[in-house]
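Worksheet: one structure, shown below.
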Amino acid sequence: MEKIIRIAVQKSGRLSDDSLSLIKECGIKFYNGTGKLKSTSTNFPIEFLFLRDDDIPGYVADGVADLGIVGQNEVVEKDKNVTTMKALGFSKCRLSLAVAKGQEYNGVEFFEGKNIATSYPKILGDYLKSQNINADIHEISGSVEIAPSIGLAEGICDIVSSGSTLMMNGLKEVEEIFKSEAVLIANNDLPDWKKEIAEKLLFRINAVQKGKSSKYVLLNAPNESIERIISLIPGMRSPTILPLAQEGWSSVHSVLNEDQFWENIEELRAAGAEGILVVPIEKMIL
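With my numbering applied, the sequence shown has no gaps in its numbers, which climb one by one up to 293 at the end.
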């Protein structure tokens, strides 16, 4: 029997789309048709389980799935015994407190003795405790934004991305209590052969994500400026310097973080750099 590992992924939504896009960029092929709850890769020893996001930490902790991609908020809220292997940098959001738009708000003390509706009672409870605030937490599974307008609570605590959902429901964000992003989690008791496959997957993820944040930079420069230019774009180890057909000029090739390039672009031009090309990198193996 072929040795494979199982990874749990949210079955629908933005986190699902971003997770599957990352996996495909890692060169892993699979079919995930509409309504499909399981799928096996054709070129990597992994099986996918498409689940509700709030079920994923429990499935991984219980060993039904070996790995999972899920929001950090769900990992903390469910408080299951799992290991976070890597923060993935996408599906970023925040868990925030909100009140009615017309409500006067002067600080977290507003919630003392108040009712707060949320789907995240643990994270909210931990935050209120850290602020020495005593409030009644009403746990509801969905449509949290409606709670103030129907008199259930004076405030809510919910996931916020752009804030547009709060605005549409007559609410305003007043306190950010937790930042979240997608994370790769693992069962704590994986046998060695499963750990080996998981590390191979992590290796591919790292290569894809490092490539996304880096750029291959090529430029021409007069030889007398090379030393200055190298100091501005040092590269992973050191830049490649190639002589041009035109005497006294060289081509400089380097790999660096995109932000680092934009910080130095004016200094590069001032140093005499010309014909600057910035090329995306699909994957980068360190």
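Where is the CB? At the ideal position from N, CA and C, for every residue including glycine.
Buried/exposed call for residue i, threshold 16 Cβ in 10 Å
i: Gln253; result: exposed
i: Gly19; result: Before going on, a small fix: residue 19 reads as Ser here, not Gly. Result: exposed.
i: Asp73; result: buried
i: Ser245; result: exposed
i: Ser171; result: exposed
i: Phe185; result: buried
i: Lys31; result: exposed
i: Glu81; result: buried
i: Arg21; result: exposed
Option in the options with minimal Cα separation from residue i
i: Val89; options: Asn195, Ser19 and Leu284; result: Asn195
i: Ser220; options: Glu289, Phe51, Asp25 and Gln79; result: Glu289
i: Gly218; options: Ser46, Val106 and Ile292; result: Ile292
i: Thr49; options: Tyr38, Ser103 and Glu281; result: Tyr38
i: Gly42; options: Arg59, Phe51 and Glu188; result: Arg59
i: Val115; options: Gly279, Gln138 and Pro287; result: Gln138
i: Ser103; options: Pro128, Ile248 and Ala94; result: Pro128
i: Glu4; options: Ala214, Val286, Gly132 and Arg21; result: Any question about residue 4 goes unanswered here, given that the chain covers just 8 to 293.
Other residues of its chain near residue i: CB distance less than 7 Å, five sequence neighbours each side excluded
i: Gly65; result: Lys85 and Lys87
i: Gly255; result: Pro229 and Asn230
i: Ser23; result: Val16 and Gln17
Backbone secondary structure at residue i - three-state DSSP
i: Ile35; result: coil
i: Met92; result: strand
i: Thr172; result: helix
i: Pro52; result: coil
8 Å contact criterion, which residue i and residue j should meet: CB distance rounded
i: Thr125; j: Ile140; result: Actually they are not in contact, since the Cβ atoms of Thr125 and Ile140 sit about 14 Å apart, beyond 8 Å.
i: Gly75; j: Ile192; result: 5 Å
Cβ neighbours of residue i in the same chain (closer than 6 Å, five flanking residues each side left out)
i: Ala154; result: Ala124, Ala160 and Ile163
i: Asn176; result: Glu152
i: Ser187; result: Gly78, Gln79, Asn80 and Cys100
i: Asp61; result: Glu81
Cβ-based neighbour list, residue i, same chain, cut-off 8 Å, excluding 5 preceding and 5 following
i: Ala278; result: Ala228, Ser232, Arg235, Ile236 and Leu239
i: Glu182; result: Ser103, Leu104 and Val115
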